[in-house]
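Numbering (the working numbering), first residue to last: 27 to 385.
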């Protein structure tokens with residue numbers, strides 16, 4: 027039996043989850059007319075509020091950022107007052123644990139199926155925002171089986187040359203729940219690995235290892251029970267991962283199966299339409315999607331992101347160097363190591379408990 031998701035990693039290592047990366051470009055009203063901005067709004071940046079509460083124990087995380095329209099610039103929003111509220115009026119304050127990332131311990135407000143939740147945010151300039159309530163589904167997915175194989179991907183360069191790349195290819199099979207109530211499912215994957223940075227010359231002790239956490243790329247994987255009648259659902263090529271030097275040590279993969287509300291399902295469907303041509307939900311789309319967060323001060327202000335309530339199950343698996351036929355080469359060998367072989371710019375020196383637990 028799969029366990030509920032243990033780490034809400036959409037945010038924990040400053041990796042921006044997919045829903046924040048959706049926020050770039052223009053917004054349209056239902057009638058297709060271009061949205062007109064209020065003159066007093068900042069035409070350069072918009073706020074993105076994204077986070078979730080799940081059916082497992084806390085903590086839960088909420089991320090606040092500003093994005094510059096028509097650019098990839100992202101700025102963390104600090105010093106805000108953030109809280110989550112359930113449908114009985116219970117409130118719990120969240121603490122900023124790193125720039126723009128707010129942690130809610132889950133001591134007062136706990137994720138429970140069938141309950142509704144929303145977040146309220148007040149910035150340091152006293153601007154207020156709130157998400158619409160999102161109900162955690164009562165139906166959740168059954169067990170799922172995740173498999174992987176080592177294979178080769180052939181790509182053709184602009185000059186017509188074929189290039190072979192050794193990859194890991196993931197597939198999954200999900201046993202669907204029997205329910206008369208409609209339900210929606212969503213799958214996403216993450217990877218966790220250890221990076222051994224090179225020793226600074228003349229240092230008295232080796233630098234600590236860095237732990238990198240990121241999203242697995244792939245196309246958006248959604249399931250709607252209204253559109254499928256089956257007891258199982260399979261995705262033959264859920265995701266691919268190039269076998270590079272990150273496989274020199276243990277590599278932990280986590281596949282999350284999320285039961286989501288219909289509102290969030292519709293939001294993700296729109297994201298899928300925007301990212302269809304680029305092939306990955308983690309690539310920057312050419313449009314901007316408004317979620318369930320609104321401004322309490324100005325109804326015409328564009329606010330982006332989605333605070334959702336989900337039921338989650340997770341499958342973890344570890345791949346060791348001995349499991350692979352391919353033998354990745356260490357690009358950070360002591361002979362002429364590159365600049366990316368020093369420091370930990372996109373990771374953490376704190377060893378995640380998951381890295382030790384999964385073998």
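Every residue gets a Cβ at the ideal spot worked out from N, C-alpha and C, and that includes glycine.
Query: Contacts around residue 279, its chain only, beta-carbon distance under 6 Å, and the 5 residues preceding and following it disregarded; Result: 217, 343
Query: heavy atom of the ligand COA below 8 Å from residue 239 C-beta; Result: Inclusion of the ligand COA in the displayed structure is not the case, the ligand content being empty and no account of it being possible.
Query: The region 196-206 in contact with the region 361-374 per 3-pair CB rule at 8 Å; Result: no
Query: C-alpha gap between residue 282 and residue 265, whole angstroms; Result: 13 Å
Query: Residue-level contact to chain D via CB, residue 253, 9 Å cutoff; Result: The structure shown contains no chain D, having only a single protein chain.
Query: Simplified DSSP state of residue 289, which is helix, strand or coil; Result: helix
Query: For residue 237, the first and last residue of its enclosing beta strand (DSSP E); Result: 236-241
Query: Under 9 Å between C-beta atoms of residue 154 and residue 323; Result: yes
Query: Where residue 295 sits in the DSSP three-state scheme; Result: helix
Query: Beta-carbon proximity check, residue 165 vs residue 190, cutoff 9 Å; Result: no
Query: C-alpha gap between residue 86 and residue 120, whole angstroms; Result: 9 Å
Query: Closest residue to residue 257 among 136, 200, 79, 246 (Cα-Cα distance); Result: 200
Query: Ordered list of beta strand (DSSP E) runs contained in the region 171-203, each at least 3 residues; Result: 188-201
Query: Counterpart residues of residue 250 in DSSP-defined beta bridges; Result: 210
Query: Contact under 9 Å by Cβ, residue 203 with residue 168; Result: yes
Query: Buried or exposed by the 16-neighbour rule on C-beta atoms within 10 Å, applied to residue 187; Result: exposed
Query: N- and C-terminal bounds of the beta strand (DSSP E) containing residue 401; Result: Residue 401 is absent from the model: the chain starts at 27 and stops at 385.
Query: Three-state class that DSSP yields for residue 149 in the structure shown; Result: coil
Query: Buried versus exposed, by CB contacts within 10 Å (16 or more), residue 140; Result: exposed
Query: Reduced DSSP category for residue 82 - H, G, I as helix; E, B as strand; rest coil; Result: coil
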